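Trainee:
Residue numbers (this note's numbering), protein chains in the order written: chain A, 29 to 240; chain B, 29 to 240.
Structure (structure tokens):
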């Protein structure tokens with residue numbers, strides 16, 4: 029599958045690229061096409077797989093599925109730029125807007141979720157929320173074996189299945205269905221919760237597993 | 029430490045009693061003192077430790093710390109009965125009010141948390157929230173080794189430390205500090221989230237671990 033990492037030149041994008049490259053064609057996107065191409069070249073050498081790079085709009089047009097590897101503060105104008113090339117495609121939002129209140133990390137939106145905003149702008153894409161709780165630093169350390177669960181919200185079983193397939197194509201990550209986009213606030217809120225637990229207990233790069 | 033399980037004749041109470049008995053004096057409480065005594069006798073034989081049983085008010089008076097092993101629907105009148113004997117003592121609330129909206133489990137309170145209600149009634153106790161995400165059936169299967177994390181909310185490091193000590197006295201359970209009681213809604217909300225993940229993915233008796 030051709031998977032585009034929109035805004036994929038950061039640490040999270042690096043990790044996703046390295047872990048997806050074994051079984052997908054990875055495309056790195058950036059506002060700055062040259063930056064994306066240079067990063068793609070570097071990651072191609074590192075991963076021994078061909079990774080391409082170009083502007084966000086170009087990779088959005090070339091991919092089958094896109095992951096929004098963008099910072100937590102969402103810029104609707106940015107989404108509008110890529111809405112047309114992403115029509116009909118799977119779009120995965122790992123975005124969590126994070127604020128701080130009284131020294132505690134919180135979901136920064138007063139209500140609703142980042143993915144519902146994404147879905148309202150990318151109204152003709154098949155939007156899922158996932159990958160919120162994977163620590164970027166751990167992901168980007170490609171020598172490191174991982175064993176994480178990834179909760180996925182999607183408005184249909186079909187979109188869930190597509191998203192789960194992309195996620196499960198990475199070693200050591202198990203997708204779990206967690207409801208529709210209207211349930212996503214609770215899923216996105218796990219990230220500030222995990223950050224608080226990490227800070228209060230002097231732990232780093234925490235993620236979660238669902239165990240029996 | 030003398031630990032009372034208020035309303036402790038159910039499955040969760042049974043599991044807690046069996047797992048606490050190795051390093052604590054466990055007291056089973058119930059509205060019905062005879063029922064509590066019979067259950068205590070049964071669990072004493074099962075655990076090879078002396079477990080006592082009596083009315084909720086009596087065990088509340090005898091204990092150093094109390095765990096509210098009561099059903100998820102909170103009855104303030106019930107709390108008022110045990111408020112006086114619990115003055116100055118550690119009280120642990122694992123209570124999560126759970127509702128169902130559009131087929132999805134949700135935190136049943138419109139705002140705030142069960143533990144904040146508990147703390148407002150037991151205003152002279154040292155109240156912590158914890159133990160929300162341990163599956164009762166797994167806990168009660170005392171032959172079963174467990175490996176779970178338990179998030180704890182408490183309004184001071186001192187109350188957290190006391191609560192963590194009780195929790196860590198059980199094999200296979202790691203306490204983690206998760207904030208004050210005003211952060212507890214997010215912690216209590218993990219239970220409906222876990223129930224949804226279990227249901228949607230055909231898994232049973234799920235709990236969580238924080239992993240790196």
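We treat Cβ as the ideally placed atom computed from N, Cα and C, and that holds for glycine. Quick caveat: nothing in here was measured; it's all calculated off a predicted structure.
Work out the CA separation of residue 82 of chain B and residue 235 of chain A for me, nearest whole Å.
Mentor: Roughly 42 Å separates the two Cα atoms.
Trainee: Using the three-state DSSP reduction, which class does residue 50 of chain A fall into: helix, strand or coil?
Mentor: Note: residue 50 of chain A maps to coil in three-state DSSP.
Trainee: Output, in sequence order along the chain, the residues in the stretch 211-240 of chain A whose CB is closer than 9 Å to any CB in chain B.
Mentor: Taking 9 Å as the Cβ-Cβ cut-off against chain B, the residues of the stretch 211-240 of chain A that qualify are 211, 214, 215, 217, 218, 220, 221, 222, 224, 225, 226, 228, 229, 231, 232, 233, 234, 235, 236, 237, 238, 239 and 240.
Trainee: Tell me, please, whether the stretch 109-129 of chain A touches the stretch 84-96 of chain A by the rule of three or more beta-carbon pairs shorter than 8 Å.
Mentor: Yes: the two stretches touch, three or more of their Cβ pairs being nearer than 8 Å.
Trainee: For chain A, is any of its Cβ atoms less than 8 Å away from the one on residue 204 of chain B?
Mentor: Chain A contact via Cβ: present.
Trainee: For residue 155 of chain B, which option in B:221, B:166 and B:184 has the closest C-alpha, if you only look at C-alpha atoms?
Mentor: Of the candidates B:221, B:166 and B:184, the one whose C-alpha sits nearest the C-alpha of residue 155 of chain B is B:184.
Trainee: Is it true that the CB of residue 118 of chain A sits closer than 8 Å to the CB of residue 146 of chain A?
Mentor: No.
Trainee: Who are the near neighbours of residue 133 of chain B in its chain, counting only those whose CB is closer than 7 Å to its CB and skipping five residues on each side?
Mentor: Hits under 7 Å: 126, 220, 223 and 224.
Trainee: Could you tell me which residues DSSP puts in a beta bridge with residue 182 of chain B?
Mentor: Note: residue 182 of chain B sits in a beta bridge opposite B:156.
Trainee: Does any CB atom of chain B fall closer than 8 Å to the CB of residue 175 of chain A?
Mentor: Taking Cβ atoms only, chain B reaches closer than 8 Å to residue 175 of chain A, which makes this a yes.
Trainee: Please say whether residue 217 of chain B and residue 130 of chain B have beta carbons closer to each other than 8 Å?
Mentor: Their beta carbons are not under 8 Å apart, which means residue 130 of chain B does not touch residue 217 of chain B by this criterion.
Trainee: Any beta-carbon of chain A closer than 8 Å to the one on residue 47 of chain B?
Mentor: With 8 Å as the cut-off, residue 47 of chain B does not count as an interface residue toward chain A.
Trainee: So, residue 39 of chain A versus residue 56 of chain A, is the Cβ gap smaller than 8 Å?
Mentor: No. Outside cutoff.
Trainee: Taking 8 Å as the CB-CB limit, is residue 207 of chain A close to chain B?
Mentor: Closer than 8 Å: yes.
Trainee: Does the beta carbon of residue 179 of chain A come closer than 8 Å to any beta carbon on chain B?
Mentor: Yes - at least one Cβ of chain B is within 8 Å of the one on residue 179 of chain A.
Trainee: Taking C-beta to C-beta, are residue 194 of chain A and residue 120 of chain A nearer than 8 Å?
Mentor: Contact flag set, yes.
Trainee: Residue 63 of chain A bridges to which residues according to DSSP?
Mentor: Bridge partners of residue 63 of chain A: none, in fact.
Trainee: Would you verify that the beta carbon of residue 42 of chain A is, or is not, closer than 8 Å to some beta carbon of chain B?
Mentor: No, residue 42 of chain A lies away from the interface with chain B (no Cβ there is under 8 Å from its Cβ).
Trainee: Leaving out the 5 sequence neighbours to the left and right, which residues in its chain are closer than 7 Å to residue 205 of chain B when beta-carbon positions are compared?
Mentor: The residues are 180 and 188.
Trainee: CB-CB under 6 Å to residue 212 of chain A, same chain, minus the five flanking residues each way: which ones, in chain order?
Mentor: Cβ within range, chain order: 141, 143, 157 and 181.
Trainee: Measure from the C-beta of residue 132 of chain B to each C-beta in chain A and report whether the shortest distance is under 8 Å.
Mentor: Yes - at least one Cβ of chain A is within 8 Å of the one on residue 132 of chain B.
Trainee: Note down the Cα distance separating residue 168 of chain A from residue 203 of chain B, rounded to an integer number of angstroms.
Mentor: Approximately 29 Å, taken between the alpha carbons.
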